[in-house]
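The sequence shown begins at 1420 in this note's numbering and counts up by one.
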Amino acid sequence: MVRTIWLPSWFPSVESPQNGDFIFRHAMAASSFSDIYIGYLQATSRVSSVSISKTRINDNLEVLISLNPIKSKSKILNLFRKIHYFLVYKSILDDYIVINGKPDLIHVHVSFRAGLIALWFKKVYKIPFVITEHWTLFTPEREDNFWKKGLLFKTLMKRIFKEAEYVLPVSDNLGNNLKALFPSIKARTIPNVVDPNIFYYKPKLKHKEFNFIHVSSLKKIKNPKSIISTFVRLFNNYPDTRLTIVGEVSSDLMEFAAEFNLSNSVLSFTGSLAHDQVAQKLQMSDVFLLFSFAENLPCVIAESLCCGIPIISTNIGGIPEMVTDENGILIEPGDEEALFGAMERMYKEHSRYDGATIASNAQALYNPSVVGSQIVEIYDKVLASLKN
């Protein structure tokens, strides 16, 4: 069994339980086929001194999280913290080697900052690394994208990708963007993971209302205000429509929604929910909405599809690889007229979508056993090529 250390740039922690959740799902999937040790350092305001925890998830997956106090205004202290960042990862590797021997591979998730550690480990310890990339930084639709970054950042990123044995983007679209920026990379698309024990097709009971649902971080890039205002317009024409919004709601968004004076039974905010609760909400809904300005391969679309729910989404990033005429409608970012038209069309023509077929097709793509075996197939390919 291949022994790997995973270095994620994002990972769930007390600071942000949802941050990099999709990376943890990849780890769970791959741990059926590989021995994985995850090392992650998180700066947080929730601790006053360094705190380290190790958690054994299953026989093949262990997670170490080092929590460090948030950055200080002092330049000297911040310099020491940057040095400490590298020292923590050195200690992670040293401890691993003492117990298990040198790992076969390093697996970086999200190229920066963890890619810098992987570069160091490759140079000093001769451990090869691969990268799984999830970042919308490499999509031109994003306002703060790679092309607008400074020379030092671009130089470091080029070095990281050049030294990687393989790059595993989560969508073909992201892979094409990366190959245009870093032509020498070997790339293979491996998608995100959905837990089929949580997100699955469940035939709906008959109900009078027609339910739209949106699940996201509700940040500006997700364009939630446009979703709300467009729904209000639809509701005025079709009073049996409903909208549920799942995610951490800012006071600004709540104030915006309150201006329309809709009851909680028409427009409801649930706040952040656990995965099983999200699945229950999806299974009770008729259509999933996403109106983002930038995305790669959103887990929530994969989850919705695995629940058999058709999609309305913006035509960006890797989403056209997920959403087709058989399972949804694609529209252009920021086009509220198109959003209204798609919502109205879904309301009138929803019966043409076969939920069981949508779910079956999605489960075949995003199942953990499928994705996990694809990851380890790359491990084997890398290690075999290095032996030759």
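The beta carbon of each residue, even a glycine, is placed where N, CA and C say it ideally should be.
It should be emphasised that the depicted structure is a prediction, and the values quoted were computed from it without experimental measurement.
Three-state class that DSSP yields for residue i in the structure shown
i, result
"I1484", "strand"
"V1527", "strand"
"R1532", "coil"
"V1801", "helix"
"F1548", "strand"
"D1513", "helix"
"K1521", "coil"
"Y1504", "helix"
"W1429", "coil"
"G1439", "coil"
"K1639", "helix"
"N1479", "coil"
"R1764", "helix"
"H1445", "helix"
"Y1785", "helix"
"H1626", "coil"
"F1631", "strand"
"S1648", "helix"
"S1472", "strand"
"R1661", "strand"
"R1771", "helix"
Cβ neighbour criterion (16 or more within 10 Å) applied to residue i
i, result
"K1641", "buried"
"T1649", "buried"
"G1753", "exposed"
"W1566", "exposed"
"V1543", "exposed"
"L1624", "exposed"
"L1571", "exposed"
"L1805", "exposed"
"F1505", "exposed"
"K1785", "First, the amino acid is wrong: residue 1785 is Tyr here, not Lys. Buried."
"P1643", "buried"
"H1626", "exposed"
"A1775", "exposed"
"D1705", "buried"
"H1769", "exposed"
"S1467", "exposed"
"G1394", "Absent from the structure is residue 1394, since the part of the chain shown begins at 1420 and ends at 1807."
"E1678", "exposed"
"P1547", "buried"
"R1561", "buried"
"E1552", "buried"
"M1673", "exposed"
"A1803", "exposed"
"V1517", "exposed"
"Y1657", "exposed"
Nearest-angstrom Cβ-Cβ length linking residue i and residue j, presumed shorter than 8 angstroms
i, j, result
"L1716", "G1737", "4 angstroms"
"L1692", "V1665", "6 angstroms"
"V1668", "F1688", "5 angstroms"
"V1801", "E1584", "5 angstroms"
"T1423", "D1523", "6 angstroms"
"N1734", "L1758", "Not quite, the Cβ-Cβ distance comes to about 12 angstroms (not below 8 angstroms), so this is no contact."
Own chain residues within Cβ distance below 6 angstroms of residue i, not counting five before or after
i, result
"F1707", "I1632, S1723, I1728, I1730"
"S1635", "K1641, G1666"
"Y1459", "P1427, F1430, I1484"
"F1793", "It is worth fixing the name first, because residue 1793 is Gln in this sequence and not Phe. If we look at Q1793 and ignore the five residues flanking it on each side, its Cβ neighbours are I1609."
"Q1461", "S1432, E1434, L1486"
"W1554", "V1529"
"I1797", "Y1585"
Cut-off 7 angstroms between Cβ atoms - residues of its own chain near residue i, not counting five sequence neighbours on either side
i, result
"I1442", "P1427, W1429, F1430, H1528"
Neighbourhood of residue i by C-beta, 8 angstroms cutoff - its chain only, sequence neighbours within 5 removed
i, result
"S1779", "Y1620"
"I1720", "F1707, L1709, I1730, S1732, I1738, M1741, V1742"
Residue i at chain D interface by Cβ criterion, 8 angstroms
i, result
"D1513", "Of the protein chains in the structure, only one exists, and it is not chain D."
Residue i: CB within 7 angstroms of a non-hydrogen atom of the ligand NAD
i, result
"T1689", "This structure does not include the ligand NAD; it has no bound ligands of any sort."
Mind pulling the alpha helix (DSSP H) runs of 4 or more residues that sit fully within the segment 1555-1624? 1570-1582, 1591-1600
Identify every run of the beta strand (DSSP E) within the segment 1663-1692, keeping only runs that are complete inside it and at least 3 residues long; order them along the chain. 1686-1690
Entirely enclosed alpha helix (DSSP H) segments - the segment 1683-1756, minimum 4 residues: 1694-1702, 1718-1725
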